[in-house]
Each structure stands twice: as structure tokens, then as C-alpha cells.
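Peer 1:
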Amino acid sequence: MVWGGISLGGRTALHVLARGSLTAIRYRDEILRPLVRPYAGAVGPGFLLMQDNARPHVAGVCQQFLQDEGIDAMDWPARSPDLNPIEHIWDIMSRSIHQRHVAPQTVQELADALVQVWEEIPQETIRHLIRSMPRRCREVIQARGGHTHY
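For what it's worth, this note's numbering labels the leading residue of the sequence shown as 141, then goes sequentially.
Here you go:
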């Protein structure tokens, strides 16, 4: 499992989670505290965390951490279409890994390849995806929550 954050002006480091499942405590201690908090500070006023409703994200310990740190998180309705632009980044990364002439043979090789691919994604690609949000939201509304080409 990997985690990364994107914004119009940059991105966080890609974090590859070690073995085990992502619990709320791990999310707070490995993602929110060391990655999100400093990134929110670097972005400055207006920072808004966009995450889905995965259990660790909505757990009380994580919600309390965000509140204590003054980090606003976007409300994410249950069973809503996944419009998060990061999903397109994951797709780009997956395609890039699959197109390699020599596939990663170990978990560490895969982790290293993912970090490399993450760092090679042009910032303009990220900006384009983020700027497409209003258009994508309009299409979902027009489709009444149904299928769109996104």
C-alpha cells in the first residue's frame, strides 16, 4: 500500500507502508503526522485534505488529530463517485510499472519503482487533473451520479 498527496503546487513524498494493514493509529502516525501536517503548513491557508471514507480516515483518533492540528478535511458522502484526482495518478503509475521491460521481482523493487514513477510524473499532469474537478463534478451532477467518462 502506498500513500501520496498532490496539490496544484507540488506533492508529498510517496510513502510506502510496511507490512500489515492500515489502522487508524498507523494512518495518524505514518501519514497524517509526518506527511500531511507539514504539507498543510507548506501549502498554507486554504489547505483542504481530500480523502475517502476508508475506516482509518474517518476514525475518531484521526478526526481528532486533524481537528487539533487545524487541518480541514473535505466531507465525502458515502457511496459517492470517486472523483479524487489522485485515482488518475495511481492509474498512471500502474500503467508505467506494467510497461517496464523488466518487471519488479521483489516487494522492494516494486516500492523503488513506484517512488521513481511518482517523482517522474510531471507537475503539469497533476495540475491538469486538479483543475478538471469542476468539470468532472458538473458531469456527475448532470449524470445524476451515474456513469461519466471519468
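Even for Gly, the Cβ is constructed at its ideal location relative to N, Cα and C.
Where are the alpha helix (DSSP H) runs, 4 residues long or more, that stay fully inside the region 191 to 263, in chain order?
Peer 2: 195 to 198, 200 to 209, 226 to 238, 247 to 260, all fully within the region 191 to 263.
Peer 1: Would you check if there are 3 or more beta carbon pairs closer than 8 angstroms linking the region 265 to 275 to the region 237 to 245?
Peer 2: Touching, no.
Peer 1: Can a CB atom of chain B be found closer than 9 angstroms to the CB of Ser236?
Peer 2: Protein chain content of the structure displayed is limited to a single chain, and chain B is not contained in it.
Peer 1: Please state whether the Cβ-Cβ distance between Ala199 and Tyr167 is less than 9 angstroms.
Peer 2: Yes; because the gap between Cβ atoms is below 9 angstroms, this pair is in contact.
Peer 1: Provide the residue(s) that pair with His155 in DSSP beta bridges, ordered along the chain.
Peer 2: DSSP lists Trp143 as partners of His155.
Peer 1: Alpha carbon to alpha carbon, how far is Gly186 from Gln207? Give it in angstroms, no decimals.
Peer 2: Going by the C-alpha atoms only, they are around 15 angstroms apart.
Peer 1: Is there at least one non-hydrogen atom of the ligand FAD closer than 8 angstroms to the beta-carbon of Leu172?
Peer 2: Judged by which ligands are present, the structure shown has none, so any question about the ligand FAD falls away.
Peer 1: Note down, in chain order, each residue of its chain lying with its Cβ closer than 8 angstroms to the Cβ of Pro225, except the 5 sequence neighbours on either side.
Peer 2: Closer than 8 angstroms at the Cβ level, and outside the excluded window around Pro225, lie Ile146, Ile266, Leu269, Ile270, Ser272, Met273.
Peer 1: Since Glu279 is in the alpha helix (DSSP H), which residue starts that stretch and which ends it?
Peer 2: Taken as a continuous stretch (DSSP letters only), the alpha helix (DSSP H) holding Glu279 covers 273 to 282.
Peer 1: By a C-beta neighbour count over all protein chains shown, 10 Å radius and 16 as the cutoff for buried, is Val247 buried or exposed?
Peer 2: Exposed is the call here.
Peer 1: Where does His197 land, buried or exposed, given buried means 16+ other C-beta within 10 angstroms?
Peer 2: Buried, because 16 or more other Cβ atoms sit within 10 Å of the Cβ of His197.
Peer 1: DSSP has Gly150 in a bridge; who is on the other side?
Peer 2: Beta-bridge pairing links Gly150 to Ser147.
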